[in-house]
Amino acid sequence: MKIIAVETSTEYCSVALWQDGAVSERCELVGQKHSEVLMAMLDAVLQDAGYRIQDMDGIAFGKGPGSFTGVRIACGVAQGLALGADVPVVGVCTLEAVAETSGREKVIAALDARMDELYLAVYEKRAGAWHAVIEPCLCKAEMAPLLEGSWCGAGNGFSVQGAALQTRYDGHLQADCLDSSVFPRASAIAVLGAAQFAQGKGVDAALALPLYLRDKVALKTSERTK
């Protein structure tokens with residue numbers, strides 16, 4: 179099976195090719211220039227492997243949560259490529275990709291959602307598969323869902339709201355198991371997407387939908403609480 183994956187939900191842009199368990203990836207810090215570099219990066223990954231997009235068995239994309247524009251770019255590109263190549267797609271949660279990238283097995287994944295809020299989820303790997311202990315949500319650090327046990331932390335949410343998160347999860351967050359530099363990567367999207375395809379979860383391109391969590395994207399802070 180050959181899967182191409184794209185991820186543009188943060189300031190990083192990445193593309194990965196999954197081929198029967200082997201993964202190759204290109205990743206760059208691009209700020210807000212995803213639309214300018216994504217297709218060239220994708221072409222380079224395919225050319226390096228000697229494939230065309232028509233040779234793929236499926237396309238995976240980071241469906242969010244994350245940057246509103248970035249998530250739309252990944253979803254739109256995945257849809258366009260899938261329609262052209264007549265292959266199915268899967269959307270992969272970026273928070274689950276953070277957990278996968280972290281290399282840990284019990285992870286509080288937190289990404290900066292701006293406006294003093296976080297995108298947060300908690301995952302535990304069991305029998306090689308991730309299970310959501312806390313489903314993806316939008317919250318303030320001091321109101322993050324509580325949990326029991328001992329956990330690692332990953333994602334830039336711990337960079338911007340680290341002190342508040344450590345207070346919220348006092349006694350449950352391992353101080354020596356915290357990595358705020360982790361971000362969702364296409365390599366993780368490819369691995370998680372391949373697992374979904376293997377389970378028959380691929381869908382038609384028209385059914386590929388982003389995960390925003392924050393619906394009121396155009397409102398002021400005071401209006402979002404109404």
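Just add 178 to wherever you are in the sequence shown, counting from 1, and you've got this note's numbering.
We put the beta carbon where it would ideally sit given N, CA and C, even for glycine.
Drop a sphere of 10 angstroms on the beta-carbon of residue i, count the other beta-carbons inside from all chains shown, and report buried for 16 or more, exposed for fewer.
i           : result
residue 290 : buried
residue 240 : buried
residue 328 : exposed
residue 284 : buried
residue 247 : exposed
residue 282 : buried
residue 365 : buried
residue 343 : buried
residue 351 : buried
residue 209 : exposed
residue 380 : buried
residue 306 : exposed
From the options, pick the residue whose C-alpha is nearest to that of residue i; which is it?
i           : options            : result
residue 378 : 251, 277, 235, 317 : 235
residue 242 : 343, 307, 327, 363 : 363
residue 268 : 385, 346, 245      : 385
residue 294 : 327, 263, 368, 341 : 341
residue 357 : 224, 288, 226      : 288
residue 318 : 339, 390, 193, 222 : 339
residue 325 : 286, 335, 306      : 286
residue 266 : 233, 387, 382, 392 : 382
residue 221 : 204, 336, 306      : 204
residue 337 : 206, 316, 391, 296 : 296
residue 391 : 200, 305, 189, 245 : 245
residue 320 : 213, 348, 200, 305 : 348
residue 316 : 225, 353, 335      : 335
Just to confirm my understanding: we take residue i, look at its own chain, exclude 5 residues before and 5 after, and list those with CB closer than 6 angstroms. What are they?
i           : result
residue 360 : 276, 279, 280, 332, 333
residue 322 : 298, 346
residue 231 : 259, 263
residue 367 : 183, 185, 238, 240, 270, 275
Beta-carbon within less than 8 angstroms of residue i's beta-carbon, same chain only, minus the 5 sequence neighbours each way: which residues are those?
i           : result
residue 179 : 196, 197, 198, 235, 236, 372, 375, 376
residue 400 : Here the model assigns residue 400 a pLDDT of 44, short of 50, so the residue's position is not dependable and the matter cannot be decided.
residue 308 : 274, 277, 278, 301, 302, 370
residue 211 : 191
residue 229 : 180, 195
residue 310 : 274, 299, 300, 301
I believe residue i touches residue j by the beta-carbon criterion, under 8 angstroms. Please report the beta-carbon distance rounded to the nearest angstrom.
i           : j           : result
residue 251 : residue 216 : 7 angstroms
residue 202 : residue 238 : Actually they do not touch by this definition, with Cβ atoms about 14 angstroms apart.
residue 355 : residue 314 : That belief does not hold up - the Cβ atoms of residue 355 and residue 314 are roughly 21 angstroms apart, past 8 angstroms.
residue 249 : residue 388 : 5 angstroms
Among the residues of its own chain, which have a CB less than 7 angstroms from the CB of residue i, if the five just before and after it don't count?
i           : result
residue 292 : none
Could you check if residue i belongs to the surroundings of the ligand COA, using beta carbon to heavy atom distance under 7 angstroms?
i           : result
residue 348 : Looking for the ligand COA in the displayed structure turns up nothing, as the structure carries no ligands at all.
**Q.** Cβ pair count under 8 angstroms reaching 3, the segment 182 to 195 against the segment 241 to 257
**A.** In short, these stretches touch, since the Cβ pair count reaches three.
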